[in-house]
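Engineer: Following this message is one structure expressed as C-alpha coordinates.
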Amino acid sequence: MDGINEIHVPRETCAACKHLRKRCEETCVFAPYFPPEKTAEFQIVHMIFGIRNTKNMISSVEENEREKTIETLILEAKIRLENPVHGCLAIERMLGAEIEKVFRELDEVKQQLKFFSEQNNVKN
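To get the working numbering, take the position in the sequence shown, counting from 1, and add 9.
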(Lines of atoms letter the chains of each structure in order from A and count residues from 1; the text may use other names and numbers.)
(Lines give C-alpha, C1' and ligand atoms only; values in the text may rest on other atoms or scores of the structure.)
Protein backbone atom coordinates (compact mmCIF):
# COMPACT_ATOMS: atom_id res chain seq x y z
CA MET A 1 0.00 0.00 0.00
CA ASP A 2 3.01 2.32 0.34
CA GLY A 3 3.26 2.56 -3.42
CA ILE A 4 -0.21 4.06 -3.70
CA ASN A 5 0.78 7.34 -2.03
CA GLU A 6 3.89 7.75 -4.19
CA ILE A 7 3.48 9.49 -7.51
CA HIS A 8 6.07 8.54 -10.09
CA VAL A 9 6.78 11.41 -12.45
CA PRO A 10 8.84 10.19 -15.39
CA ARG A 11 11.92 12.24 -16.09
CA GLU A 12 12.34 13.78 -19.52
CA THR A 13 14.69 11.95 -21.85
CA CYS A 14 18.13 13.58 -21.78
CA ALA A 15 19.71 14.92 -24.96
CA ALA A 16 22.01 11.89 -25.24
CA CYS A 17 19.26 9.29 -24.91
CA LYS A 18 17.03 11.29 -27.25
CA HIS A 19 19.84 11.31 -29.81
CA LEU A 20 20.37 7.58 -29.37
CA ARG A 21 16.59 7.01 -29.42
CA LYS A 22 16.59 5.04 -26.22
CA ARG A 23 14.87 5.25 -22.86
CA CYS A 24 16.69 7.43 -20.34
CA GLU A 25 17.39 5.28 -17.30
CA GLU A 26 17.80 6.59 -13.75
CA THR A 27 21.49 5.64 -13.97
CA CYS A 28 22.11 7.57 -17.19
CA VAL A 29 25.53 9.24 -16.96
CA PHE A 30 24.53 11.99 -19.41
CA ALA A 31 21.19 13.03 -17.85
CA PRO A 32 22.53 15.48 -15.23
CA TYR A 33 24.76 17.26 -17.74
CA PHE A 34 22.79 17.12 -20.99
CA PRO A 35 19.12 17.81 -20.20
CA PRO A 36 16.72 18.04 -23.18
CA GLU A 37 17.38 21.76 -23.62
CA LYS A 38 21.11 21.11 -24.17
CA THR A 39 20.59 19.01 -27.30
CA ALA A 40 22.78 21.26 -29.48
CA GLU A 41 25.69 21.09 -27.02
CA PHE A 42 25.40 17.32 -26.81
CA GLN A 43 25.38 16.94 -30.58
CA ILE A 44 28.57 19.00 -30.88
CA VAL A 45 30.30 16.96 -28.16
CA HIS A 46 29.05 13.72 -29.76
CA MET A 47 30.30 14.79 -33.19
CA ILE A 48 33.81 15.58 -31.91
CA PHE A 49 34.37 13.03 -29.14
CA GLY A 50 31.77 10.31 -29.67
CA ILE A 51 29.44 8.68 -27.15
CA ARG A 52 31.88 6.15 -25.72
CA ASN A 53 34.75 8.62 -25.26
CA THR A 54 32.45 11.18 -23.68
CA LYS A 55 31.02 8.60 -21.30
CA ASN A 56 34.52 7.37 -20.40
CA MET A 57 35.72 10.92 -19.74
CA ILE A 58 32.72 11.66 -17.52
CA SER A 59 33.13 8.40 -15.63
CA SER A 60 36.88 8.85 -15.18
CA VAL A 61 36.61 12.03 -13.08
CA GLU A 62 35.33 12.51 -9.56
CA GLU A 63 31.67 13.41 -9.12
CA ASN A 64 32.49 16.95 -7.98
CA GLU A 65 34.57 17.59 -11.14
CA ARG A 66 32.07 16.32 -13.70
CA GLU A 67 30.22 19.60 -14.25
CA LYS A 68 33.48 21.36 -15.08
CA THR A 69 34.52 18.43 -17.28
CA ILE A 70 31.31 18.75 -19.32
CA GLU A 71 31.76 22.51 -19.65
CA THR A 72 35.30 21.90 -20.90
CA LEU A 73 34.19 19.23 -23.39
CA ILE A 74 31.51 21.55 -24.78
CA LEU A 75 34.00 24.42 -25.10
CA GLU A 76 36.67 22.25 -26.72
CA ALA A 77 34.15 20.74 -29.14
CA LYS A 78 32.91 24.18 -30.20
CA ILE A 79 36.47 25.41 -30.72
CA ARG A 80 37.38 22.25 -32.65
CA LEU A 81 34.44 22.92 -35.00
CA GLU A 82 35.71 26.46 -35.63
CA ASN A 83 39.32 25.36 -36.11
CA PRO A 84 39.49 21.63 -36.94
CA VAL A 85 43.26 21.57 -37.41
CA HIS A 86 44.61 23.33 -34.32
CA GLY A 87 41.57 23.58 -32.02
CA CYS A 88 42.35 25.17 -28.65
CA LEU A 89 46.03 25.46 -29.54
CA ALA A 90 45.18 28.09 -32.16
CA ILE A 91 43.51 30.27 -29.54
CA GLU A 92 46.41 29.75 -27.13
CA ARG A 93 48.91 30.79 -29.80
CA MET A 94 46.82 33.83 -30.79
CA LEU A 95 46.52 34.99 -27.17
CA GLY A 96 50.23 34.33 -26.59
CA ALA A 97 51.09 36.53 -29.57
CA GLU A 98 48.82 39.29 -28.24
CA ILE A 99 50.50 39.10 -24.82
CA GLU A 100 53.95 39.37 -26.41
CA LYS A 101 52.80 42.38 -28.45
CA VAL A 102 51.47 44.11 -25.32
CA PHE A 103 54.73 43.45 -23.45
CA ARG A 104 56.74 44.94 -26.34
CA GLU A 105 54.46 47.96 -26.34
CA LEU A 106 54.89 48.28 -22.57
CA ASP A 107 58.68 48.20 -22.95
CA GLU A 108 58.48 50.97 -25.57
CA VAL A 109 56.34 53.11 -23.29
CA LYS A 110 58.78 52.54 -20.41
CA GLN A 111 61.68 53.61 -22.65
CA GLN A 112 59.83 56.74 -23.73
CA LEU A 113 58.96 57.53 -20.12
CA LYS A 114 62.61 57.11 -19.13
CA PHE A 115 63.72 59.33 -22.04
CA PHE A 116 61.29 62.13 -21.17
CA SER A 117 62.11 61.82 -17.50
CA GLU A 118 65.83 62.25 -18.31
CA GLN A 119 65.02 65.22 -20.59
CA ASN A 120 63.08 66.81 -17.76
CA ASN A 121 66.00 66.30 -15.37
CA VAL A 122 68.44 67.89 -17.82
CA LYS A 123 66.27 71.03 -18.12
CA ASN A 124 66.06 71.39 -14.35
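Glycine residues also receive a C-beta, built at the ideal position from the N, C-alpha and C atoms.
Count the other CB atoms, across all protein chains shown, that sit within 10 Å of the CB of Ala49; report buried if there are 16 or more and exposed otherwise.
Structural biologist: Ala49 comes out exposed.
Engineer: Express the C-alpha separation of Lys47 and Cys26 in angstroms, rounding to a whole number.
Structural biologist: Between Cys26 and Lys47, the C-alpha separation is close to 12 angstroms.
Engineer: For Gly96 and Thr81, I'd like the C-alpha separation in whole angstroms.
Structural biologist: Computed Cα separation, rounded: 13 angstroms.
Engineer: Report the three-state DSSP secondary structure of Gly105 (helix, strand or coil).
Structural biologist: Of the three classes helix, strand and coil, the one that applies to Gly105 here is helix, per DSSP.
Engineer: Here's the rule I'm using: 16 or more other beta-carbon atoms within 10 Å means buried, otherwise exposed. How should Phe124 be labelled?
Structural biologist: Flag for Phe124 reads exposed.
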